[in-house]
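Notes to accompany the following structure.
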Amino acid sequence: MGRIKILPDQVANKIAAGEVVERPASVVKELLENSLDAGSTDLRIEVEAGGRRLIRIVDDGCGMLRDDSLLAFERHATSKLRDVKDLLSIATLGFRGEALPSIASVSRLLLETRSQEETTGARIEIAGGKMLRCEEAALGGGTAITVRDLFYNVPARKKFLRTEPTELAHIASLVTHYSLAHPDKTFQLTSGPTELLYVTPVATLKERVYQVFGSQALEDLVELGQREKEMFLPPDPDDNRPTRLFRLNGFFSRPQVQKGNRNSIYIFVNGRLIRDRLVMHALTSAYHNLMPPAAYPFALLFLECDAEEVDVNVHPSKTEVRFRHGSFMHDFVRDSIRERLMEARPAPSFAASPRTSPAAQAAAELPYSEFSQMLENEAPPVSELPAEAPSAEMPRFELRPAAGPAPRLDFTAPPIEVTPGPPPSGKLQRRLDAHGEFPADALPAPEFSLSVLSELRPLGQIHESFIIAAGRDGLWIIDQHVAHERILFEQVMKQRAAGRVEMQQLLMPMIVQLTAEQQIDYARIADELHAAGFETEPFGNRTIAIKSAPAAVGAADLEKILFEILEIAETELRGASLDDLRRNICASIACRAAIKINVRLDTAKMEWLLRALAQTDCPMSCPHGRPIAMHYSTREILKAFHRI
Ligand code: ADP
Ligand code: MG
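Structure follows, in structure tokens:
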């Protein structure tokens, strides 16, 4: 990493200054990032009392030279930047040289470090920014930093700390997510006698996800795999590299896993955990028409690009970045995720039985990120959120559930109780296994093929609303309205894309009265309406005549659907793209035209519906994001009857 130097003023002045140490989690973040920058492969973090009383990080990285170890506590002293030019392509997590001096000024800090290049190391003690001790010491390689009594000399700041479990949950979330970004390294997080996370090196991200969240999570998540896209730049005589490569990898939930906020979305850009509205928007657009607008997926995204493509020097705590080619990156992320979601064609099943296979590690039960929290300022702190633990009861059904199914992954559970105690003496109390080797059979059935839908045998309806069907593997319940809605939606979208929407001429034009506002929206989307099958023309003041309509829609529904579309136009046109508007128009048409609930269907109709559903690209959620089919596997049935 090179020698530590104090940055010259002309560089220091260009650094987005800000507060580094806001809360215990920011201390952990800075120290973890330093250890990662130092090339560590084994990171051990010990926390006591929510991080107020003690945070200790031990790493096996390159360590610091004795002379450097003192310099490290000077403002703007860093080994990661040399000159202003370096600011444009930062490949390390740190670069400002502010963390160590800031932390040392608000705590009692002990640094023990030895560089691989020296035979002895240094031990330095600082309290409230004052040097207490600095000596040569016989130490093993690597660095250990102990921070005690955080904010002991800044009482005003101490008051702003949240409860101990909440601060600890922030830290657990942070360490968990850095461990996901580095499957090749060991991470251990302990709090007093409790081990919250322990993961050893594995070869793939998938194995790390399994180690951290357990096997249940893998069933609910879709792995993206490595996706790449090259961007071609306009010719530039100063730049001999005409293209830039963007890479994306990660995991995201199937649409039926729905979160009420963004707390389960983690975005890494070049290894850095960030919050970014653009990437967030790309992700939510990928789920458009697969999830209701107020719901969010669980996602772990790792975006890699040239260091010059992303400016990390825009935010005080380095958690926001600026992309040089934002819209290219946005579309790449959205399209990669959407394509993969479509391929995976997700099928929900009942969360009926309690988990029997390896469950999540304790730290993963509290991934509560302060980064996403900042985006969700209005959301209540996690300790006040209702628990969403999967119920051990058998599933119950209600007619027309208002929202999606209960989330199956409990990523937002309130913090677990962690009793602060003395530093671990002897053996740690291991709450949960580090899941050890990744068993091949822990994987969910390979991309559960929805061709099974076409083999379903309808047995009948309940409440004349849900089709009950037997399949090769267990029992299915299908919501007839949303199933038909999905079929029609895709049909209408395809016709729309081909410019061949089936229309029907009305015997008599239908005259519709509009409000002034609707009139304006109508004028804006008249072309789009026409393309969707509505042939309309102005008919006097604030009145239009509908002459033809999409073939699927009955005349009785015409006025309602037109108003619905105008309403969408009103809210959608402000921010969303034409593409979104188009999808929403098609979704409206599909919803109006679909078979309703409380309608009796004969076997032939049910069979037709199941076959047609199997043919769709995404047979598992309706265009508004509601689930279509529930699957109760033979295994789950056997378990419920205690036969296995
Ligand atoms: P920055 O990370 O922005 O350079 P910091 O104040 O976090 O600034 O750290 C100052 C310097 O101390 C780093 O540049 C690095 O050289 C050294 N350093 C800090 N922590 C470690 C560590 N765990 N291992 C090796 N070197 C470290
Ligand atoms: Mg640093």
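Quick note on the working numbering: the sequence shown kicks off at 1056 and runs consecutively. Ideal Cβ placement from N, Cα and C applies to all residues, glycine included.
In whole angstroms, what is the alpha-carbon distance linking residue i and residue j?
i: MET1056; j: LEU1098; result: 18 Å
i: ARG1551; j: CYS1641; result: 8 Å
i: ALA1604; j: MET1558; result: 5 Å
i: PRO1682; j: MET1675; result: 6 Å
i: GLY1778; j: SER1134; result: In the structure displayed, the chain extends from 1056 to 1699; residue 1778 sits before or after that span and is not available.
i: LEU1062; j: ASP1634; result: 48 Å
i: ILE1070; j: GLY1197; result: 28 Å
i: ASP1275; j: ASP1204; result: 41 Å
i: HIS1697; j: GLU1691; result: 10 Å
i: ASP1657; j: LYS1549; result: 28 Å
i: ALA1192; j: ARG1296; result: 48 Å
i: ALA1381; j: ASP1331; result: A quick correction: the sequence has Gly, not Ala, at residue 1381. So the two alpha carbons sit approximately 11 Å from each other.
i: ASP1612; j: THR1218; result: 54 Å
i: PHE1206; j: ASP1386; result: 43 Å
i: GLN1670; j: SER1308; result: 23 Å
i: HIS1536; j: PRO1513; result: 15 Å
i: ARG1169; j: LEU1300; result: 38 Å
i: ASN1208; j: ALA1154; result: 17 Å
i: MET1543; j: LEU1693; result: The amino acid at residue 1543 is misidentified as Met; the sequence shows Leu. Taking the straight line joining both Cα atoms gives about 36 Å.
i: GLU1572; j: HIS1585; result: 19 Å
i: LEU1288; j: ALA1606; result: 46 Å
i: ALA1224; j: ILE1320; result: 16 Å
i: LEU1396; j: LEU1260; result: 18 Å
i: SER1340; j: GLU1262; result: 28 Å
i: GLN1281; j: ARG1137; result: 33 Å
i: ILE1322; j: PRO1210; result: 34 Å
Just to confirm my understanding: we take residue i, look at its own chain, exclude 5 residues before and 5 after, and list those with CB closer than 6 Å. What are they?
i: GLY1305; result: LEU1279, LEU1355, LEU1356, PHE1357
i: ARG1377; result: ASP1366, VAL1369
i: ASP1239; result: PRO1256
i: ALA1182; result: ARG1163
i: ILE1533; result: ILE1522, ALA1684
i: GLU1167; result: ARG1178, LEU1194, ALA1199
i: LEU1165; result: GLU1180, THR1201
Below 8 Å between beta carbons: does that hold for residue i and residue j?
i: VAL1076; j: SER1157; result: yes
i: ALA1080; j: GLU1222; result: yes
i: ARG1555; j: VAL1608; result: no
i: ARG1024; j: PRO1347; result: With the chain running from 1056 to 1699 in the structure shown, residue 1024 is simply not present.
i: GLY1152; j: ARG1121; result: no
i: GLN1702; j: ARG1655; result: With the chain covering only 1056 through 1699, there is no way to say anything about residue 1702.
i: ILE1110; j: VAL1139; result: no
i: ASP1005; j: ILE1059; result: Only positions 1056 to 1699 of the chain appear in this structure, which leaves residue 1005 out of reach.
i: ALA1072; j: PRO1371; result: yes
i: CYS1092; j: THR1147; result: It is Asp, not Cys, that sits at residue 1092 in the sequence shown. A contact, by the Cβ cut-off of 8 Å.
i: ARG1302; j: GLU1359; result: yes
i: LEU1216; j: ARG1108; result: no
i: ILE1100; j: LEU1244; result: yes
i: VAL1264; j: ALA1258; result: no
i: GLY1094; j: ALA1350; result: no
Ends of the beta strand (DSSP E) at residue i?
i: VAL1254; result: 1249-1254
i: THR1241; result: 1241-1246
i: ALA1179; result: A small fix is needed here, since residue 1179 is Ile in this sequence, not Ala. Per DSSP, ILE1179 belongs to the beta strand (DSSP E) from 1176-1182.
i: ARG1282; result: 1282-1287
i: ARG1078; result: ARG1078 -> no beta strand (DSSP E), and no H or E assigned at all.
i: VAL1567; result: 1558-1568
i: ILE1533; result: 1529-1534
i: LEU1693; result: Per DSSP, LEU1693 belongs to no beta strand (DSSP E); it is in the alpha helix (DSSP H), 1689-1695.
i: ARG1169; result: 1163-1169
Leaving aside the five residues before and after residue i along the sequence, list all residues of the same chain whose C-beta is less than 7 Å from its C-beta, in chain order.
i: GLU1502; result: The predicted model places GLU1502 with a pLDDT of 43, which falls under 50 and marks its position as unreliable, so this point remains unresolved.
i: GLY1526; result: VAL1507, GLU1510, LEU1511
i: PHE1594; result: ILE1566, ALA1600
i: TYR1577; result: LEU1569, ILE1599, LEU1621
i: LEU1143; result: GLU1363
i: LYS1651; result: HIS1536
i: ALA1645; result: GLU1540, LEU1543, PHE1544, VAL1547, PRO1678
i: THR1689; result: ASP1528, GLY1529
How would you write the range of the alpha helix (DSSP H) that residue i sits in, first residue to last?
i: CYS1189; result: That residue, CYS1189, is in no alpha helix (DSSP H); its beta strand (DSSP E) goes 1185-1192.
i: GLU1572; result: 1571-1586
i: LEU1235; result: 1219-1236
i: VAL1267; result: 1260-1268
Tell me which residues share the same chain as residue i and place their Cβ nearer than 8 Å to its Cβ, disregarding the 5 neighbours each side in the sequence.
i: ILE1623; result: LEU1636, ASN1639, ILE1640, SER1643
i: VAL1267; result: THR1231, SER1234, LEU1235, LEU1252, VAL1254, ALA1415, GLN1416, ALA1418, ALA1419
i: GLU1662; result: PRO1513
Margin query: Suppose only complete runs of 4+ residues qualify. What are the alpha helix (DSSP H) ranges in the stretch 1292-1368, listed by chain order?
Written below: 1332-1341
Next item on the list: Return the chain-ordered ranges of every beta strand (DSSP E) run that is complete within the stretch 1093-1117 and spans a minimum of 3 residues.
Entry: 1097-1103, 1109-1114
Item checked: Every unbroken alpha helix (DSSP H) inside the stretch 1593-1677 [4 residues or more] -> 1613-1630, 1633-1648, 1658-1669
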